[in-house]
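I have placed the structure first, in the form of structure tokens, so that the comments after it can refer back to it.
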Amino acid sequence: MVDGLVEVPEEQVSLLLEAGYLYLEMQKPREAEEVFEGVSALVPASEVPLICLGNLFFSQGRYERALKFHRRALQKNAGSALAKAHVGEALLFLGRRDEAKSTLQAAAGMESDGPAAAFANRLLDGMAAGVV
Amino acid sequence: MTDSNVQQVRESSLKLSTVATSTRQTPKTDFGSVMRAGLLRAGGVAQDGLNVAAPFVPGGAIVSAALAGANTAAANTLGGGVGGAVGGGYGVTTSAFQGSPVGTGGTGNAYSLPTRRPGLDTPLGSPASNFQNGFGGPVAGAGADPTDAFNQMMAATREMSEFQASFNLQYLQLQEKIQMDTRQFTLISNIMKTKHDAAKNALGNVR
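These protein sequence lines are chains A and B, in that order. Each residue of the first sequence is one higher than the one before, counting from 1 in my numbering. Each residue of the second sequence is one higher than the one before, counting from 1001 in my numbering.
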């Protein structure tokens, strides 16, 4: 169960977030945003819905807004390597490469071999190769 | 049996052939003929291939023309004649070999040399005398200098090798570009995959 306004089973929160991503893939960003914001209100302690919102705006090319949501996610959970990696990603696409590099390196250092660290490392590889 | 009877029997069993001997007619399978036929066929194949590819390859028409000239010169040289590059040489495709017999009437006149290289549809199975009549006749025309054909062939060969070097360079550059694109594609693919995995993992572990 996830604590929030009401207790919600983890599976249902996951399902709602999956639905939001489905809307995103269906090119329905408004509906996706509604779902993510709803989940964010439902489980205010979790940083994951905010990361989802950041990803939504990132996919639309609105990197500033994406960075804002990722930073809010990081504020909620300072130990979240995923939020940190996404902050680095948004910074990278905003052209702030030095900040992005240090943030991504920090994210990679927060986890030894988790998916967030892998994401940060691949971004660093892409930066080194000049791909991103 | 009397002696006269034995003599009669012996004489009747003897048969003497009085047919005059003639030269044995065998197909010309000596090295020179086979080599010539093979080279003509190879030249024709390359020429036809380049003719097809010419519109799609930069400078292909020039290479095709060069090969046509080289092929004509080679055919003339291989045919044992020194007819020279008739019809101006490069890229001239008029009559000959196809349809009408080479060397009108088989007269062996140098002016009846074909001005078109043999192609894939050239009846190579036709008597070799056709080629010999066409190419092997006495030289009686102007511009029949053997060095002309040789020089033209050399020039064409040189030009072709220059083009080949140029194409090789372009091909290498293209390969490098493709490799770079592939590397970039792989990197981006990895980034997107790890991002997807991270999001999936986060969705499955909401606290």
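Every residue gets a Cβ at the ideal spot worked out from N, C-alpha and C, and that includes glycine.
Practice problem: Within 10 angstroms of the Cβ of residue 115/A, are there 16 or more other Cβ atoms? Answer buried if so, exposed if not. | Solution: Counting from 1 along the first sequence, the entry for residue 115/A is found at position 115. Classification for residue 115/A: buried.
Quiz prompt | Cβ of residue 42/A within 8 Å of any chain B Cβ | solution = Taking the first sequence and counting its residues from 1, one reaches residue 42/A at position 42. Closer than 8 Å: no.
Quiz item: To which residues of the same chain is residue 56/A closer than 7 Å at the C-beta, ignoring the five residues directly before and after it?
Solution: Position 56 of the first sequence holds residue 56/A. Taking C-beta separations shorter than 7 Å and ignoring five residues to either side along the sequence, the partners of residue 56/A in its chain run 24, 29, 32, 33, 36, following chain order.
Quiz item: In whole angstroms, what separates the C-alpha of residue 82/A from that of residue 1178/B?
Solution: Walking along the first sequence from the start, residue 82/A turns up at place 82. Walking along the second sequence from the start, residue 1178/B turns up at place 178. CA-to-CA, the gap between residue 82/A and residue 1178/B works out to about 33 Å.
Quiz item: Between the region 91-121 of chain A and chain B, which residues of the former have a C-beta closer than 7 Å to a C-beta of the latter?
Solution: Of all residues in the region 91-121 of chain A, 115, 116, 118, 119 have a Cβ within less than 7 Å of some Cβ in chain B.
Self-check item: Neighbouring residues, chain B, relative to residue 129/A (Cβ below 8 Å)
Solution: Within the first sequence, numbered from 1, the residue matching residue 129/A stands at position 129. For residue 129/A, the chain B residues whose C-beta falls within less than 8 Å of its own C-beta are 1183, 1184, 1187, listed in chain order.
Practice problem: State yes or no: is the C-beta of residue 104/A within less than 8 Å of the C-beta of residue 72/A? | Solution: Sequence index remark: in the first sequence, residue 104/A carries index 104 (1-based). Sequence index remark: in the first sequence, residue 72/A carries index 72 (1-based). It is not a contact, given that the beta carbons lie outside the stated cut-off.
Quiz item: Among 86/A, 127/A, 15/A, 90/A, which residue has its Cα nearest to the Cα of residue 107/A?
Solution: If you number the first sequence from 1, residue 107/A lands on position 107. It is 86/A.
Quiz prompt | Three-pair Cβ contact test at 8 Å for the region 118-127 of chain A versus the region 1186-1198 of chain B | solution = Contact annotation: the region 118-127 of chain A touches the region 1186-1198 of chain B, with at least three C-beta pairs closer than 8 Å.
Practice problem: Give every residue of the same chain whose Cβ lies closer than 6 Å to the Cβ of residue 80/A, excluding the five residues on either side of it in the sequence, and list them in chain order. | Solution: Within the first sequence, residue 80/A is the residue found at index 80, counting from 1. So the list reads 47, once near-sequence residues are dropped.
Quiz item: Along chain A, in chain order, which residues have C-beta atoms closer than 7 Å to that of residue 1195/B?
Solution: Position 195 of the second sequence, counting from 1, holds the residue named residue 1195/B. Ordered by position in chain A, the residues that pass the 7 Å Cβ test against residue 1195/B are 119.
Practice problem: Show which residues of chain B have a CB atom less than 8 Å away from the CB atom of residue 67/A. | Solution: On the first sequence, position 67 is the one that residue 67/A refers to. Close to residue 67/A, with beta-carbon spacing below 8 Å, lies no residue of chain B; the smallest spacing is near 16 Å.
Quiz prompt | Contained alpha helix (DSSP H) runs [length at least 4] in the region 43-75 of chain A, N- to C-terminal order | solution = Runs of the alpha helix (DSSP H) inside the region 43-75 of chain A: 48-59.
Quiz item: Using a beta-carbon distance below 8 Å, is residue 1191/B in contact with chain A?
Solution: Residue numbering aside, residue 1191/B sits at position 191 when the second sequence is read from its first letter. Cβ-Cβ to chain A under 8 Å: yes for residue 1191/B.
Practice problem: Report yes or no: is there a C-beta of chain A within less than 8 Å of the C-beta of residue 1168/B? | Solution: As a working mapping, residue 1168/B is identified with position 168 in the second sequence. Chain A, which has no Cβ nearer than 8 Å to the Cβ of residue 1168/B, makes this no.
Exercise. Name, going along the chain, the residues of the region 2-22 of chain A whose beta-carbon falls closer than 8 Å to a beta-carbon of chain B.
Key: From the region 2-22 of chain A, only 2, 10, 13, 14, 17, 18, 21 have a Cβ closer than 8 Å to chain B.
Quiz prompt | chain B contact residues for residue 53/A, given Cβ-Cβ distances below 9 Å | solution = For the purposes of this step, residue 53/A is taken as residue 53 along the first sequence, with counting starting at 1. Per Cβ cutoff of 9 Å: no residues; residue 53/A is ~12 Å from chain B at best.
Quiz prompt | Chain-order list of residues whose beta-carbon lies under 6 Å from that of residue 77/A (same chain, five-residue window excluded) | solution = Reading the first sequence from its first residue, position 77 is the one you call residue 77/A. So the qualifying residues of the chain are 47.
Exercise. Express the C-alpha separation of residue 92/A and residue 99/A in angstroms, rounding to a whole number.
Key: Sequence index remark: in the first sequence, residue 99/A carries index 99 (1-based). Sequence index remark: in the first sequence, residue 92/A carries index 92 (1-based). Linking residue 99/A to residue 92/A through their CA atoms gives a straight-line distance of about 8 Å.
Quiz item: Which residues bound the alpha helix (DSSP H) around residue 1227/B?
Solution: Because residue 1227/B is not part of the residues shown, which for chain B are 1001 to 1207, the question remains open.
Quiz item: Does the beta carbon of residue 56/A sit closer than 8 Å to a beta carbon anywhere in chain B?
Solution: If you number the first sequence from 1, residue 56/A lands on position 56. Interface with chain B (8 Å Cβ-Cβ cutoff): residue 56/A is excluded.
Quiz item: So, are the CB atoms of residue 39/A and residue 17/A less than 8 Å apart?
Solution: As a working note, residue 39/A is residue 39 in the first sequence. As a working note, residue 17/A is residue 17 in the first sequence. Cβ atoms of residue 39/A and residue 17/A: closer than 8 Å.
Quiz item: alpha helix (DSSP H) containing residue 110/A: first to last residue?
Solution: In the first sequence, the residue the question calls residue 110/A occupies position 110. According to the DSSP assignment, residue 110/A belongs to the alpha helix (DSSP H) that extends over 97-110.
Exercise. Assign residue 1121/B to one of three DSSP states: helix, strand, or coil.
Key: Within the second sequence, the letter at position 121 stands for residue 1121/B. Model confidence at residue 1121/B stands at a pLDDT of 49, short of 50, so the residue's coordinates are unreliable; what they give is reported in the following sentence. Residue 1121/B: coil per DSSP, three-state reduction.
Quiz item: What is the C-beta distance between residue 58/A and residue 19/A, in whole angstroms, given that I count them as a contact (C-beta under 8 Å)?
Solution: The residue you call residue 58/A lines up with position 58 of the first sequence. The residue you call residue 19/A lines up with position 19 of the first sequence. Actually they are not in contact, since the Cβ atoms of residue 58/A and residue 19/A sit about 19 Å apart, beyond 8 Å.
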